[in-house]
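Chains as they are written, first to last, in our numbering: chain D, 29 to 373; chain X, 7 to 349. These notes are about the structure you will find just below.
Written out as structure tokens, the structure reads:
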């Protein structure tokens with residue numbers, strides 16, 4: 029446990045991933061031969077946050093808010109239009125070659141759909157062991173099978189099933205295989221993109237508990253992307269709420285669920301069905317009208333203003349910054365940020 | 007339409023609008039016979055909402071398909087049982103007679119509106135098709151009525167959007183189009199199969215509100231099929247919980263959430279993270295749902311049940327009546343309920 033400069037001690041709570049004003053616009057083109065750009069889908073439109081070692085940052089939002097694009101950007105599966113992200117101080121988007129490989133090793137992903145994210149023609153051993161082929165130094169020669177079995181054991185699968193194929197497993201077990209694959213290279217950050225939304229409720233709890241337990245054992249940091257706010261509350265330390273490519277509110281689990289100040293967060297929370305008829309009677313519901321506008325043509329100023337009951341003239345003109353507000357000292361992108369008497373319950 | 011069942015004298019058994027009695031459905035496949043529905047009985051009265059809750063493979067959708075008469079046969083076969091609509095057994099009727107019931111008496115909306123709608127016809131035409139075919143309306147009348155229906159389901163600018171195609175609508179609006187189609191012939195029973203599963207929470211809330219309003223306005227009975235305990239809590243009067251093709255617990259909403267009397271229901275309620283409760287470790291139901299080709303002996307839930315005893319392996323539990331119209335198919339229903347209250 030010597031803290032040499034080359035290998036500084038890893039302090040829980042220090043920033044491991046830092047994202048600064050990340051933007052991804054997908055061009056919309058017209059014309060066959062001479063394509064010209066006529067617009068852009070602003071999937072991620074200026075997102076900044078920090079992830080600390082050992083914590084879980086939940087990212088919530090409705091479909092089309094850019095949360096999955098954000099995950100793909102962080103994994104460098106997409107190239108950002110602009111913006112910066114650093115993992116342990118190294119620039120994610122400038123790295124290439126060997127350096128990129130090292131960075132990627134430190135950041136892995138668990139996909140949403142355990143049915144399509146595993147190659148049906150590969151055995152579980154090959155799937156979980158494939159990272160070792162790209163990074164041979166991660167598992168000493170000859171120890172690959174043993175390491176795969178350790179991983180299977182770690183995620184609660186029978187190590188003897190190493191030669192089985194994905195179709196021989198249930199949905200929850202497949203998701204465990206996906207998690208084992210993500211853990212193979214001992215990453216420090218795992219991006220989970222809707223990891224439990226394809227699973228039945230009774231299985232969902234098993235996978236959530238597994239993720240929490242692994243975090244405790246291995247000191248992992250998670251970016252946990254989900255549309256289910258109840259699941260996120262359960263697993264996240266901090267939560268970022270996205271709407272049309274932007275983070276509209278970010279704070280600790282308590283700040284978002286008990287003291288939300290952004291109207292969108294409040295509406296989102298009040299729309300979540302609570303499985304208790306009595307608690308439900310006491311809830312103060314907000315019903316949003318309409319749908320999320322197209323990210324190709326977001327409203328001017330505050331993106332949420334077209335569905336917001338508080339919208340004033342200023343909202344169409346001035347884009348509210350995600351900064352701490354008077355109502356509560358966590359960042360919220362609303363000109364009229366205020367607390368609501370009953371937010372979650 | 008002379009083939010309609012005549013209800014006046016034909017409802018001797020308490021006069022339920024719709025009643026399933028000991029329904030058995032099996033899927034005959036090359037690998038063997040999967041017993042998907044194993045003795046399901048429930049009833050529905052006018053104006054009430056029954057939620058059928060279960061996980062994938064529990065048989066909740068197949069039950070609905072059997073009621074509608076839209077099972078894929080083969081491989082699905084109704085082995086035995088009765089489906090009484092206004093006292094008449096639908097299963098004994100001819101395909102043509104069932105067609106008269108479908109849509110006009112009992113209508114259904116599906117989970118995935120995009121694949122349930124035809125992509126190459128405008129939505130107004132699709133809503134009107136039912137009216138032209140079944141109600142004998144002229145094109146112009148059908149079109150007028152389609153606009154009314156689209157207004158009814160609160161699609162903004164209905165008259166302008168009648169010529170639009172399904173892909174031009176958002177997910178929530180598509181689901182509204184489906185609801186409009188289902189309501190075209192004024193059904194008495196609406197079966198909604200996971201109507202909001204594919205939708206975002208804010209839109210889901212809109213659709214559930216719409217369904218509740220429509221049910222009240224039109225005095226329909228509704229069967230809401232879902233896996234989401236949260237959705238059910240808001241709209242249903244009664245809940246039937248299904249597991250491995252059986253109804254394991256049946257109760258009114260409040261008593262079920264307050265004190266589940268079947269270990270499966272109890273496990274489900276304890277395993278969902280709740281928005282209004284800051285959670286610690288979620289309790290889980292161990293193991294996996296059974297393979298329907300090899301349903302465990304006795305109580306099908308016994309391999310996963312914390313209350314399991316020898317009797318559970320040997321004997322299929324019968325519905326234990328717990329008062330207030332509650333039943334639980336568990337040998338230890340009383341204990342489970344008492345534990346739930348104590349919790």
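Note that the Cβ used here is the ideal one computed from N, Cα and C, for glycine as well.
Continuous alpha helix (DSSP H) assignments of at least 4 residues falling wholly in the stretch 229 to 253 of chain D: 229 to 246
Any contact between the stretch 32 to 42 of chain X and the stretch 205 to 213 of chain X? By contact I mean 3 or more CB pairs, one from each, below 8 Å. no
Under 8 Å by Cβ, that's how I've got residue 252/X and residue 152/X pegged, so tell me the actual separation to the nearest angstrom. The Cβ separation is near 41 Å, so there is no contact.
Show which residues of chain X have a CB atom less than 7 Å away from the CB atom of residue 304/D. 239 and 263
With 16 as the cutoff for other CB atoms within 10 Å, does residue 315/X come out buried or exposed? exposed
Between the Cα of residue 176/X and those of 165/D, 320/D and 340/D, spot the shortest distance and give me the residue it belongs to. 320/D
Residues sharing a beta bridge with residue 270/D, DSSP: 275/D
Could you list which residues in chain D have their beta carbon closer than 7 Å to that of residue 211/X, in chain order? 299 and 315
Bridge-paired residues (DSSP) for residue 135/D: 217/D
Candidates 209/D, 343/D and 162/D, of which the one nearest residue 125/D by Cα: 162/D
Continuous beta strand (DSSP E) stretch holding residue 114/X: start and end: 112 to 115
Residues in its own chain within less than 8 Å of residue 262/D by CB, not counting five upstream and five downstream? 236
Let me check you understand the geometry: is the CB of residue 204/X closer than 8 Å to at least one non-hydrogen atom of the ligand GTP? Absence of the ligand GTP from the depicted structure is noted, as is the absence of any ligand whatsoever, leaving it without description.
Every unbroken beta strand (DSSP E) inside the stretch 129 to 193 of chain D [3 residues or more]: 135 to 138
Residues near residue 114/X by beta carbon distance below 7 Å, same chain, minus five either side: 70, 74, 188, 197 and 199
Evaluate residue 127/X with the Cβ neighbour count: other Cβ atoms within 10 Å of its Cβ, from every protein chain shown; 16 or more gives buried, anything less gives exposed. exposed
In angstroms with no decimal places, state the Cα-to-Cα distance between residue 89/D and residue 102/X. 47 Å
So that I know if they touch, is there some Cβ in chain X lying closer than 9 Å to that of residue 240/D? yes
Between 294/X, 229/X and 300/X, which has its C-alpha nearest residue 116/X's C-alpha? 229/X
C-alpha distance - residue 109/D paired with residue 51/D, whole-angstrom precision: 5 Å
In the DSSP assignment, what residue or residues form a beta bridge with residue 334/X? 255/X and 326/X
Quick one: grab the DSSP three-state call for residue 40/X. strand
Proximity winner among 146/D, 49/D and 207/D, relative to residue 114/D (alpha-carbon distances): 49/D
Are the Cβ atoms of residue 207/D and residue 257/D separated by less than 9 Å? no
Give the straight-line distance between the Cα atoms of residue 156/D and residue 221/D, rounded to the nearest whole angstrom. 18 Å
Answer yes or no: do residue 160/D and residue 212/D have a C-beta to C-beta separation smaller than 9 Å? yes
9 Å Cβ cutoff met for residue 280/X and residue 303/D: yes
Mind checking whether residue 264/D and residue 86/D have CB atoms under 9 Å apart? yes
Indicate whether at least one CB of chain X lies closer than 9 Å to the CB of residue 253/D. no
Tell me the DSSP secondary structure of residue 292/D in three-state form. helix
Express the C-alpha separation of residue 145/X and residue 14/X in angstroms, rounding to a whole number. In this prediction, residue 14/X has a pLDDT of 41, which is less than 50 and means its spatial position is unreliable; nothing more can be read from the coordinates.
Cα-Cα separation between residue 338/D and residue 329/D, rounded to whole angstroms: 14 Å
Just to confirm my understanding: we take residue 33/D, look at its own chain, exclude 5 residues before and 5 after, and list those with CB closer than 6 Å. What are they? Confidence in residue 33/D is poor, its pLDDT being 41 and thus under 50, which makes the residue's placement too unreliable to answer from.
Where residue 31/D falls, given that 16 or more other Cβ within 10 Å makes a residue buried: Residue placement at residue 31/D is poorly supported in this model, since its pLDDT is 39, which falls under 50; the coordinates still yield a value, given next. It counts as exposed.
For residue 290/X, which residues in chain D fall below 8 Å Cβ to Cβ? 230, 233, 234 and 237
What's the gap between the Cα of residue 198/D and the Cα of residue 344/D? 49 Å
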